[in-house]
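Take 1 as the starting number for the sequence shown in UniProt numbering and just add one per residue. Beta carbons are placed, not taken as given, at the ideal position from N, Cα and C, and that holds for glycine. Notes follow the structure.
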Amino acid sequence: MRFDRFTHHLQSAVSDAQSMAVGKDNPSLEPAHLVLALLNQPSSSITPMLNQAGFDMAGLKVELE
Numbered sequence: 001m002r003f004d005r006f007t008h009h010l011q012s013a014v015s016d017a018q019s020m021a022v023g024k025d026n027p028s029l030e031p032a033h034l035v036l037a038l039l040n041q042p043s044s045s046i047t048p049m050l051n052q053a054g055f056d057m058a059g060l061k062v063e064l065e
């Protein structure tokens with residue numbers, strides 16, 4: 001996997017997810033960290049898709065934190 005081939009938004013999300021994992025003393029980056037980082041991005045396309053699918057975004061964020 002080549003990090004430099006990711007979009008700028010995905011690179012930022014991965015970086016944020018790594019920071020989250022380290023901040024929570026988690027030795028590895030988990031999918032939950034990445035999903036939460038994507039949800040926290042203001043320009044993320046995942047949030048509107050999940051809203052349209054009927055997800056409770058506040059509840060999802062609480063579960064992922």
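Run of the alpha helix (DSSP H) containing residue i, from where it starts to where it stops
i     : result
Thr47 : Ile46 to Gln52
Distance between residue j and residue i (C-alpha atoms, nearest Å)
i     : j     : result
Pro31 : Glu63 : 13 Å
Asn51 : Arg2  : 30 Å
Pro27 : Gln11 : 19 Å
Gly23 : Ala53 : 31 Å
Ile46 : Asp4  : 21 Å
C-beta atoms of residue i and residue j nearer than 8 Å
i          : j     : result
Ala13      : Leu38 : yes
residue 68 : Met20 : For the chain, the structure presents residues 1 to 65; residue 68 sits outside this window and is missing.
Leu36      : Lys61 : yes
Asp16      : Asn40 : yes
Q.
List, from N- to C-terminal side, the alpha helix (DSSP H) runs of 4 residues or more that fit wholly inside the UniProt domain "Clp R" (3-65).
A. 8-23, 31-40, 46-52 and 57-64
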